[in-house]
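Q: Structure provided below as structure tokens; questions to follow.
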Amino acid sequence: MSSESSTRFSIGYAMPPKKLDSFIQPSFLDHAKSRGINLIPIDTTTKPLVEQGPFDCVIHKIYDEEWKKQLIEFSSKNPNVPIIDHPNAIEKLHNRISMLQVVKGLKFGYHSEMCCVPNQVVIEDSESMLSDPSVLLGLKFPVIAKPLAANASAKSHELSLVFDKDGLNGLKPPIVLQEFVNHGGVIFKVYVVGEYAQCVKRHSLPDISEEKLGTLRGRVPFSQISNQAYVIEEVEMPPMSFINDVANGLRLAMNLNLFNFDMIRDATAGNKYLVIDINYFPGYAKMPSYETVLTDFLLGILNKKPSEATSLELKECQESG
Ligand SMILES: Nc1ncnc2c1ncn2[C@@H]1O[C@H](COP(=O)(O)OP(=O)(O)OP(=O)(O)O)[C@@H](O)[C@H]1O
Ligand SMILES: O=P(O)(O)O[C@H]1[C@H](OP(=O)(O)O)[C@@H](OP(=O)(O)O)[C@@H](O)[C@@H](O)[C@@H]1OP(=O)(O)O
Ligand SMILES: [Mg+2]
Ligand SMILES: [Mg+2]
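Okay, structure coming up:
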């Protein structure tokens, strides 16, 4: 163990198998261990959470109601054990409209950059979409059709770029239609871990000129195009102070510690940024230095006094759960 601390901590983690494979890397387990943290897998299938532990903290990415009940019960028996993060706060990210609502409330007047969301509408049923033009609320094509639910299923990542009204035929509501914004083919993916934020560049859909749009018909499906980490040298990053302010604003407004958000820069206005997606507990292993960043964060949580560390989260969870 390092000289940093003589106390050993146990952190329980619960997540689906795919997430375990990517997040729980030996390099992370070893680094955390060297700094006094034992990461312990929680059995989510054969044993109630309350019968496991003891844990000094629980981190999780499991979305069903049964798990939420287990967290509430665990937390009522262990009121000083932080749960990262509150299930009610995570739930807001499961709907692509509530996910972005919080962006509209962000205020940081002293930057020359601004941050908003693309124009978008929800389509609840096919009939209204195809027969009632008013539901499109003046939305301008091209649009991206995204399933309203963003619940970690493969389906929730099945998107389409729609060039005209005919391209809406056959889409399966409930969906969000979000205006496509030209952004130079690069997105900024910002990983947030508590007060820490790191921005990386990823490839995205290419710009579509008015001229090109005139030749495009219908729609093109796509899925998870920005998941691969590539080096994109030539594109300038947004200012780090701006990224930090957006990240902190979102973190505090959503009461979440572990998320990332995708941001694009409007190709027609270099200081206008749009947040297009927020994901709970993203693929952190793709983030450079994830082992140290996550370990620093966990130590920060564990070293807080119980009154600071816990329970806003848990109280709310018990009240509204
Ligand atoms: N409004 C938009 N304008 C331009 N490009 C967009 C827009 N919305 C999405 N995109 C592109 O499509 C990609 C996928 O969209 P989005 O991030 O909403 O989907 P997702 O399936 O939730 O992604 P993730 O894998 O990050 O969870 C974005 O990374 C970006 O490249
Ligand atoms: O699979 P990866 O590790 O790439 O992580 C992706 C993660 O999938 P996982 O949950 O299977 O880990 C996705 O989660 P769900 O929406 O499906 O919950 C989503 O958060 C992506 O944004 C992540 O990619 P990133 O944003 O980090 O590039
Ligand atoms: Mg995304
Ligand atoms: Mg997403």
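For reference, each letter of the sequence shown is one residue, going 40 to 360 in the numbering used here. C-beta atoms are modelled at their ideal positions from N, C-alpha and C, and glycine is treated no differently. It should be emphasised that the depicted structure is a prediction, and the values quoted were computed from it without experimental measurement.
Helix, strand or coil, according to DSSP, for Arg-290 in the structure here?
A: helix
Q: Between Leu-176 and Leu-216, is the Cβ-Cβ spacing less than 7 Å?
A: no
Q: Measure the alpha-carbon distance for Arg-74 versus Lys-325 and round it to whole angstroms.
A: 22 Å
Q: Taking the alpha-carbon of Leu-291 as reference, which of Arg-258, Gly-144, Ser-61 has the nearest alpha-carbon?
A: Gly-144
Q: Buried or exposed, going by whether 16 or more other CB atoms sit within 10 Å of the CB of Tyr-149?
A: Looking at its Cβ environment, which holds fewer than 16 other Cβ atoms inside 10 Å, Tyr-149 is exposed.
Q: Is Asp-301 near ligand 3, going by C-beta to nearest heavy atom under 6 Å?
A: yes
Q: Does the beta-carbon of Phe-219, which I'm using as the reference point, lie nearer than 6 Å to any heavy atom of ligand 1?
A: yes
Q: So for Asn-283, helix, strand or coil by DSSP?
A: Asn-283 sits in a helix when the DSSP states are folded into three classes.
Q: With Asp-301 and Ser-265 assumed to form a contact (beta carbons below 8 Å), what rounded beta-carbon distance in angstroms separates them?
A: Yes, Asp-301 and Ser-265 are in contact; Cβ-Cβ is about 7 Å, under 8 Å.
Q: Contact between the region 107-127 and the region 273-282: three or more CB pairs below 8 Å?
A: Taking one beta carbon from each stretch, the region 107-127 and the region 273-282 have fewer than 3 pairs nearer than 8 Å; the two do not touch.
Q: Roughly how many angstroms separate the alpha carbons of Ala-128 and Val-231, rounded to a whole number?
A: 15 Å
Q: Confirm, please, whether the CB-CB distance from Pro-245 to Glu-163 is below 7 Å.
A: Not a contact, by the Cβ cut-off of 7 Å.
Q: Using three-state DSSP, classify Lys-361 as helix, strand or coil.
A: A query on residue 361 cannot be resolved here, the shown segment of the chain reaching from 40 to 360 and no further.
Q: Quick one: grab the DSSP three-state call for Glu-163.
A: coil
Q: Which residues have their C-beta within less than 6 Å of a heavy atom of ligand 4, listed in chain order?
A: Ala-189, Asp-316, Asn-318
Q: Please find out if some non-hydrogen atom of ligand 1 comes closer than 6 Å to the beta-carbon of Pro-157.
A: yes
Q: Are the Cβ atoms of Ser-167 and Val-174 separated by less than 7 Å?
A: A contact, by the Cβ cut-off of 7 Å.
Q: Determine the closest residue to Tyr-329 out of Arg-47, Leu-139, Ala-71, with distance taken between C-alpha atoms.
A: Ala-71
Q: With a threshold of 16 other CB atoms inside 10 Å of the CB of Asp-205, please say whether the residue is buried or exposed.
A: Exposed, since its Cβ has fewer than 16 Cβ neighbours within 10 Å.
Q: From the DSSP output, read off the bridge partner residues of Lys-240.
A: Phe-227
Q: Is the separation between the beta-carbon of Asn-296 and that of Ile-123 shorter than 7 Å?
A: yes
Q: For Val-51, write down the residues that DSSP places opposite it in a beta bridge.
A: It should be pointed out that residue 51 corresponds to Gly in this sequence rather than to Val. Per DSSP, Ile-79, Val-97.
Q: Using only alpha-carbon positions, find the residue among Ile-183, Leu-313, Phe-227 that is nearest to Asn-260.
A: Note that residue 260 corresponds to Pro in the displayed sequence, not to Asn. The shortest C-alpha separation from Pro-260 is found at Ile-183.
Q: Take Tyr-319 and list the residues in its own chain whose beta-carbon comes closer than 6 Å to its own, dropping the five residues that flank it on each side.
A: Counting only Cβ-Cβ distances below 6 Å, and skipping sequence neighbours, we find Ile-129, Leu-132, Phe-298.
Q: Does the Cβ-Cβ distance between Ser-243 and Ile-226 come in under 7 Å?
A: yes
Q: Relative to the C-alpha of Gln-109, which residue among Ala-53, Ser-49, Leu-59, His-222 is closest?
A: With distances taken between Cα atoms, Gln-109 lies closest to Ala-53.
Q: Residues in its own chain within less than 7 Å of Asp-335 by CB, not counting five upstream and five downstream?
A: Excluding positions up to five away in sequence, the list is empty.
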